[in-house]
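Residue numbers (this note's numbering), protein chains in the order written: chain A, 130 to 312; chain B, 28 to 273; chain C, 321 to 524.
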Amino acid sequence: MEKNVALIALFAALIAALGLIPKLTLGFGVPITAQTLGVMLCGTVLGSKRGTLSVLLFLLLVAIGLPLLSGGRGGLGVFATPSAGFLLGWPFAALVTGLIVEKWRGGSLAVVAGVASVIGGIVVMYAFGVAGMSVALDKSLVEAAVLVTAFIPGDLIKAVIAGMLTAALFKARPASVLSRYAA
Amino acid sequence: MTRNPADPVQIALTDLCFAVDGKQILRGITHDISAKRTGIVGRNGSGKSTLARLIAGLVPPTTGTASIDGHDLSQDRKQALIDVGILFQNPDQQIIFPTVREEISFGLRQLGHPKARADEMTQATLEEFGKSHWIDAHVHSLSQGQKHLVCLMAIVAMTPKLIILDEPFTGLDIPTKAQLTRALAQYHGNLLHITHDPADLAGYDHVIWLEAGQVAQTGDAPAVLNAYVDAMTAIGGTDDIADIAS
Amino acid sequence: MISLTSPVKTRAHGWPAGLKLAGLCAATVGLFFIQNLAVHAGILCVIVAIYASAGPLFFKTGLRQLRLIWVFIAIVAIWHIWTGDIITGGTVILRLVSALALANLVTMTTRLTDMIDVVRVLTAPLARLGLNPAALEMAIALVIRLTPVLAQKGGNLTQAWRARSPRKPTWQILLPFTVLALDDADHVAEALRARGGFTPMKED
Numbered sequence: 130m131e132k133n134v135a136l137i138a139l140f141a142a143l144i145a146a147l148g149l150i151p152k153l154t155l156g157f158g159v160p161i162t163a164q165t166l167g168v169m170l171c172g173t174v175l176g177s178k179r180g181t182l183s184v185l186l187f188l189l190l191v192a193i194g195l196p197l198l199s200g201g202r203g204g205l206g207v208f209a210t211p212s213a214g215f216l217l218g219w220p221f222a223a224l225v226t227g228l229i230v231e232k233w234r235g236g237s238l239a240v241v242a243g244v245a246s247v248i249g250g251i252v253v254m255y256a257f258g259v260a261g262m263s264v265a266l267d268k269s270l271v272e273a274a275v276l277v278t279a280f281i282p283g284d285l286i287k288a289v290i291a292g293m294l295t296a297a298l299f300k301a302r303p304a305s306v307l308s309r310y311a312a
Numbered sequence: 028m029t030r031n032p033a034d035p036v037q038i039a040l041t042d043l044c045f046a047v048d049g050k051q052i053l054r055g056i057t058h059d060i061s062a063k064r065t066g067i068v069g070r071n072g073s074g075k076s077t078l079a080r081l082i083a084g085l086v087p088p089t090t091g092t093a094s095i096d097g098h099d100l101s102q103d104r105k106q107a108l109i110d111v112g113i114l115f116q117n118p119d120q121q122i123i124f125p126t127v128r129e130e131i132s133f134g135l136r137q138l139g140h141p142k143a144r145a146d147e148m149t150q151a152t153l154e155e156f157g158k159s160h161w162i163d164a165h166v167h168s169l170s171q172g173q174k175h176l177v178c179l180m181a182i183v184a185m186t187p188k189l190i191i192l193d194e195p196f197t198g199l200d201i202p203t204k205a206q207l208t209r210a211l212a213q214y215h216g217n218l219l220h221i222t223h224d225p226a227d228l229a230g231y232d233h234v235i236w237l238e239a240g241q242v243a244q245t246g247d248a249p250a251v252l253n254a255y256v257d258a259m260t261a262i263g264g265t266d267d268i269a270d271i272a273s
Numbered sequence: 321m322i323s324l325t326s327p328v329k330t331r332a333h334g335w336p337a338g339l340k341l342a343g344l345c346a347a348t349v350g351l352f353f354i355q356n357l358a359v360h361a362g363i364l365c366v367i368v369a370i371y372a373s374a375g376p377l378f379f380k381t382g383l384r385q386l387r388l389i390w391v392f393i394a395i396v397a398i399w400h401i402w403t404g405d406i407i408t409g410g411t412v413i414l415r416l417v418s419a420l421a422l423a424n425l426v427t428m429t430t431r432l433t434d435m436i437d438v439v440r441v442l443t444a445p446l447a448r449l450g451l452n453p454a455a456l457e458m459a460i461a462l463v464i465r466l467t468p469v470l471a472q473k474g475g476n477l478t479q480a481w482r483a484r485s486p487r488k489p490t491w492q493i494l495l496p497f498t499v500l501a502l503d504d505a506d507h508v509a510e511a512l513r514a515r516g517g518f519t520p521m522k523e524d
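Written out as structure tokens, the structure is:
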């Protein structure tokens, strides 16, 4: 019980801390915002249940007024912007990502976690994000989708990175990748 | 292309000040350091770690300058990699890669060496320390002391003229400390050792005693260390731990 | 960690948080049912007046929140100027700004502790589904306490990277960073267990 609370809290803190450290790059100087990568890792490392709770806890803290989103953003205002759909999609992203890593046992973990991150962290997240944007901007779903296509390549790279990180973590500390153990 | 780390090194600090969030950490330090083995002692909170990072060029000063052989390392990061290496306290907050090979090769690749050459130099460094069998080891299987050694090797491989040590022996047991001290003593280049424990500086030439962001005393190691120990013992008899910084 | 509550005291700081949140929900839904540009303009004027009434510091802080949506404002403006549908474009923009401003107003006038009280009330029914309220409160406190600590460690890792590379750190730093979070979780769990966990001790 204490272990679960600690893990859920620490990964929520990890997502927050990712917004506070200097921005990371992809290696050719291209900057990436690492917080959504943190959401993917919640799913791939902690699994569906703990991962989702961790992301929900993070969003709760943002909602009650803490500036935890990158750039010091926070408060109820961020849930009233056109991109609020993406935020609401984060817990579902972690849920789906976690479920896939838990259920799909064959093959390399890097591939499984990478595919899980694409399906959860991109397909599911963008579904919510595009829907939210379409309502807020009074545009059709297709129009809203066009607005966000520019971000997909970057997020695809993040999903690949999430896969590699999860596999590397499993190699270093197998017991810590809970998505591969008991529920 | 290996430089000789035994080349002499001149550290020049001129009216060096550092403040963050309105708090003044270093107050106008002016000093030249050219001894082979220099120590910096002071209480926790005296500004020692900050001074280490300023000398390494990791952080730019608020005002004043810190230079090594005339180079401002906070501006010239490429020169910084050639001139100085810095060993931090905690290997878990310092080791980036999962294998010893990757960790030691990293700095060499960043210096511009191609992969094959970096690998060669990594193996040479491991051999120098008698740890050739560590080449394919995973960092997570190593003990704390072994991790400290990996951090040291990763720096030594880059043959900097100066290695700054920021309280690197914190929490180590007696044998590990002795082994690491021996490994450091063999280094051809200069050492700048930050510590609050004077016992770490046995055999050092020059010591700077830092107090509340300023130089309290500086000179030959034995004299300064004795004065420092006396002062610290005196403070130990008081209750200044009760004071809360405003 | 400092919350986004404004240090400038307003009357709204004293109103019950639950009421403010309920009002915000109703108002936001209402905004989406109003289609009239003039009405939206009027509503936004009222909101701006409320911000201004709390003083220049409060107003400036509120204005800074607009950075969250200026990109969207620009996109909508360009889009609707292009299609010639200025009225709808104006309505969308005014609605966006009003919704953001109202939500931000609640955040700026509500203390963190009051928000946590509302969370406690709202999550009380979830206890039946297995949610331990003490655990949730502890989790909130842990994140608030440990985020700066973890960020500091991440900062140390980026410094260690920059000590050996002239380039900015890459994603690879996330491996040791995640390990640090996992280790901290172990230590915290130990500390929690040592203090009795989440089941209150029974009185004899």
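Backbone N, C-alpha and C define an ideal beta-carbon position, used for all residues, glycine too.
{"Check": "Local Cβ density within 10 Å of Leu449(C), reported as buried at 16 or more and exposed below that", "Outcome": "exposed"}
{"Check": "Length of the line joining the Cα atoms of Leu265(B) and Gly72(B)", "Outcome": "In the sequence as presented, Leu is not what sits at residue 265(B); that position holds Thr. Roughly 17 Å between the two C-alpha positions."}
{"Check": "Met169(A) and Thr226(A) closer than 8 Å at C-beta", "Outcome": "yes"}
{"Check": "Contact set between Ala297(A) and chain B, taken where Cβ atoms lie within less than 9 Å", "Outcome": "Pro125"}
{"Check": "With 16 other Cβ atoms within 10 Å as the buried cut-off, status of Met435(C)", "Outcome": "buried"}
{"Check": "Euclidean distance between Cα positions of Asp146(B) and Ser159(B)", "Outcome": "12 Å"}
{"Check": "Any chain A beta carbon closer than 8 Å to His165(B)", "Outcome": "yes"}
{"Check": "Bridge partners - Phe45(B), DSSP secondary structure assignment", "Outcome": "Leu53(B)"}
{"Check": "Alpha helix (DSSP H) runs contained entirely in the region 255–295 of chain A, provided each spans 4 or more residues", "Outcome": "270–277"}
{"Check": "Range covered by the beta strand (DSSP E) that runs through Asn217(B)", "Outcome": "Asn217 to Thr222"}
{"Check": "Beta-bridge pairing of Glu238(B) - partner residues as DSSP gives them", "Outcome": "Gln241(B)"}
{"Check": "Backbone secondary structure at Gly343(C) - three-state DSSP", "Outcome": "helix"}
{"Check": "Contact under 8 Å by Cβ, Thr173(A) with Ser237(A)", "Outcome": "no"}
{"Check": "C-beta neighbour in chain F for Arg513(C), strict 8 Å", "Outcome": "Of the protein chains in the structure, A, B and C, none is chain F."}
{"Check": "Secondary structure of Ile322(C), DSSP reduced to three states", "Outcome": "coil"}
{"Check": "Candidates Asp504(C), Ala454(C), Val508(C) and Ser373(C), of which the one nearest Gly474(C) by Cα", "Outcome": "Asp504(C)"}
{"Check": "Separation of Val264(A) from Val359(C), as counted between CA atoms", "Outcome": "19 Å"}
{"Check": "First and last residue of the uninterrupted alpha helix (DSSP H) at Gly382(C)", "Outcome": "Pro376 to Arg384"}
{"Check": "Cα-Cα separation, Leu502(C) to Gly410(C)", "Outcome": "49 Å"}
{"Check": "Where the beta strand (DSSP E) through Leu276(B) begins and ends", "Outcome": "Absent from the model: residue 276(B). The displayed extent of chain B is 28 to 273, so no value can be given."}
{"Check": "Three-way DSSP call (helix, strand, coil) for Thr260(B) in this model", "Outcome": "helix"}
{"Check": "Per-residue DSSP class, three states only, for His400(C)", "Outcome": "helix"}
{"Check": "Proximal residues of chain B, C-beta to C-beta of Leu500(C) below 8 Å", "Outcome": "Asp119 and Gln120"}
{"Check": "Through-space distance from Pro327(C) to His175(B), alpha-carbon basis", "Outcome": "46 Å"}
{"Check": "Cβ distance (whole Å) where Thr498(C) is taken to contact Leu182(A) below 8 Å", "Outcome": "Between Leu182(A) and Thr498(C) the Cβ distance is about 17 Å, and since that is not below 8 Å, they are no contact."}
{"Check": "Short CB-CB distance (under 8 Å) between Ile113(B) and chain C", "Outcome": "yes"}
{"Check": "Expected contact under 8 Å - CB spacing of Gly139(B) and Met185(B) to nearest Å", "Outcome": "Going by Cβ atoms, the distance from Gly139(B) to Met185(B) rounds to 11 Å, so no, they are not a contact pair."}
{"Check": "Chain B residues whose Cβ lies nearer than 7 Å to that of Ile354(C)", "Outcome": "Per Cβ cutoff of 7 Å: no residues; Ile354(C) is ~45 Å from chain B at best."}
{"Check": "Residue-chain proximity (Lys300(A), chain B), Cβ-Cβ < 8 Å", "Outcome": "yes"}
{"Check": "Pair within 8 Å by beta-carbon distance, Phe140(A) and Leu175(A)", "Outcome": "yes"}
{"Check": "Exposure label - Asn356(C); buried when at least 16 CB within 10 Å", "Outcome": "exposed"}
{"Check": "Within-8 Å CB hit, Trp491(C) to chain B", "Outcome": "no"}
{"Check": "Limits of the alpha helix (DSSP H) - the one that Val174(A) falls within", "Outcome": "Note, Val174(A): premise wrong, no alpha helix (DSSP H); not H, not E."}
{"Check": "Cβ pair count under 8 Å reaching 3, the region 269–283 of chain A against the region 474–490 of chain C", "Outcome": "no"}
{"Check": "is_contact[Phe45(B), chain C] using C-beta, thresh 8 Å", "Outcome": "no"}
{"Check": "Residues that DSSP places opposite Ala39(B) in a beta bridge", "Outcome": "Asp59(B) and Ser94(B)"}
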